[in-house]
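Here is the structure we will look at, set down as structure tokens.
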Amino acid sequence: MKIAIPVERRAHERRVAATPDTVKKFIAMGIEVAVERGAGEASRIPDAAYQAAGATIVDSPAALLADADVVLKVQRPILAGEEGENELSLFKPGTLLIAILSPYANPDALRQYAEAGITAISLEFVPRITRAQSMDVLSSQSNLAGYRAVLEAVNVFDRAMPMMMTAAGTIAPARVMVLGAGVAGLQAIATAKRLGAIVSATDVRAASREQVESLGGKFVMVESDEVANAETAGGYAREMSDDYKRRQAELVAETLKKQDIAICTALIPGRKAPTLINDEMVYSMRPGSVIVDLAAEQGGNCTLTRPGEVVEINGVSIIGYYNVPSRLSADASALYAKNVLNYFTPLFNAETRQLAVNWQDEIVAASTLTRDGQIVHPNFQS
């Protein structure tokens, strides 16, 4: 059996799906591993490190993928009709593809996977259950994104974060508000607190209060009976009613006027990111304030975010970088590669050295999009 690790060709992607450590684990299972030349360069992993771990370095994607049984990627392959070489056309029928496939944003991709005879597994669909924690790519990557978001804000912010007492006077600590207290939000709170800021946070899920307060943040929330059902079984936020959104907007607007930095992290799977900061709120913020919008790629939590850019509007800097975890590519790749290894290991029979997938397994069933030429995930069947 052969596992292939291609170069990631999508824009703004610097991660890689395997590291020398995980390559060693695959080879110990009796699996051949081939890595495309330069696949790890952006993550500070030279080809020589993969070779030392036992992998074969292959010069072209065509040669890499022609006989691969399993392809491990970070982002989905480039498809027909997209800019760049059609990577999917290089896969042989029956290939098992494991990656972050973003099917809600690219529903036609599922049809192409099915027509190509590819078994496509989307790691962001791994359920949030205890057994799957070590496979949870959303958590590992969001954790890094929350940390990096604060650093990006500090880089633009032209004041100090902690209180500083000097002979010339005292500098007040920065005030940071985190919108959305999921994995990214909680890490943003922890990072801002470590840097000495006064931190507040808001979320529609009442269960977030204890987590925010345990990190030293102040929890700001609209009180409503609606919050009792604000969390899905998978631990994500539900979309709230228009009345709740209005009341939340009023609360956020009043709080933002007093903040120096806002970190936006709110996402709803399969939907456009909810609007949390509108034009009027941005104009109410003090000059020199900073907004970091981690939801930029899904429409943004701020109405004035420009995806991929840093803009200044009325003295407020708005950061809307693409793919924030990739800006910490070395650590992001290391964590992602371990998630992938942990997902793959139960699918493989070490004795026969072949795949032995239990398609009824809760984790596998939740994350498999296509198999045997069909779209099998219930969320995408017409």
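Per our numbering, the very first residue in the sequence shown carries number 15; after that it's consecutive.
Built from N, CA and C at the ideal position, the CB exists for glycine as well.
Any C-beta of chain D under 8 Å from that of residue i
i	result
V266	Protein chains in the displayed structure number just one, and chain D is not present.
DSSP state of residue i mapped onto helix, strand, coil
i	result
A82	coil
L193	strand
N372	coil
V21	coil
G160	helix
R385	strand
F233	strand
A273	Ala is not the amino acid found at residue 273; the sequence shown has Gln there. Q273 falls in the coil class under three-state DSSP.
A48	strand
S222	helix
V30	coil
L395	Rather than Leu, the amino acid found at residue 395 in this sequence is Gln. Three-state result, Q395: coil.
I212	strand
K106	coil
R173	coil
E101	coil
V390	coil
R260	helix
S255	coil
E55	helix
A206	helix
D217	coil
A119	coil
A94	coil
Close Cβ partners of residue i (< 8 Å) along its chain, the five nearest in sequence each way excluded
i	result
Y336	A25, H26, A310, E311, P321 and G322
Q155	P339, A346, L349 and Y350
P75	P20, V21, E50, E99, E101 and L104
R173	I185, A188, D274 and G302
K286	Q312 and G313
D81	K16 and K106
Rounded distance between the beta-carbons of residue j and residue i, thought under 8 Å
i	j	result
A202	V192	5 Å
V266	I291	7 Å
A31	V84	Rounded, the Cβ-Cβ distance is 11 Å, inconsistent with contact.
V140	S381	5 Å
M175	A211	5 Å
I92	R29	I92 to R29, Cβ: 16 Å. No contact.
F149	Y357	Reading the sequence as shown, one finds Met at residue 149 and not Phe. Sure, about 4 Å apart at Cβ, within 8 Å.
L369	L110	7 Å
A389	L383	The sequence as given places Ile at residue 389; Ala does not occur at that position. So it is a contact: roughly 7 Å between Cβ atoms.
A53	I17	Actually they are not in contact, since the Cβ atoms of A53 and I17 sit about 12 Å apart, beyond 8 Å.
I332	L318	6 Å
V324	V170	7 Å
A364	M43	6 Å
I112	I143	With 8 Å as the limit, I112 and I143 do not qualify as a contact, their Cβ atoms being about 19 Å apart.
K271	M235	About 18 Å; that fails the 8 Å criterion.
D61	I45	That pair is no contact at about 19 Å.
R90	L115	5 Å
V296	V330	5 Å
Same chain only: Cβ atoms within 6 Å of residue i, ignoring 5 sequence neighbours per side
i	result
A167	I275, V304 and V306
P288	A280
A164	A small fix is needed here, since residue 164 is Val in this sequence, not Ala. Excluding residues within five positions, the ones whose Cβ falls inside 6 Å are A202, T205 and A206.
L152	E138
L79	A18, L104 and F105
I277	A163, V192, A202 and V306
R223	F233
Bridge partners - residue i, DSSP secondary structure assignment
i	result
G199	For G199, which the question treats as bridged, DSSP gives no partner whatsoever.
T184	M179
V72	E50
Q89	I114
K16	E46
Contacting residues, own chain, Cβ-Cβ under 7 Å from residue i (five flanking each side not counted)
i	result
V37	V47, Y64, A67, G68 and A69
V226	A195, I203, A215 and F233
G131	P107, G108 and G387
L342	L158 and R162
G98	R23 and I92
A128	T384, G387, Q388 and I389
T33	I59, S347, A348 and A351
L229	L200, I203, A204 and K207
F40	I17 and V47
D73	R51
P344	Per the sequence shown, the amino acid found at residue 344 is Ala instead of Pro. Contacts found: S57 and R58.
**Ordered list of beta strand (DSSP E) runs contained in the stretch 277-306, each at least 3 residues** = The stretch 277-306 contains no whole beta strand (DSSP E) run of 3 or more residues.
**Start-end ranges of the beta strand (DSSP E) lying completely within the stretch 308-371, minimum 3 residues** = As far as the stretch 308-371 is concerned, its whole beta strand (DSSP E) runs of at least 3 residues are 324-327 and 330-333.
**Prompt:** In the stretch 121-158, which residue ranges form an unbroken beta strand (DSSP E) of at least 3 residues, counting only runs that do not cross its ends?
**Reply:** 133-136
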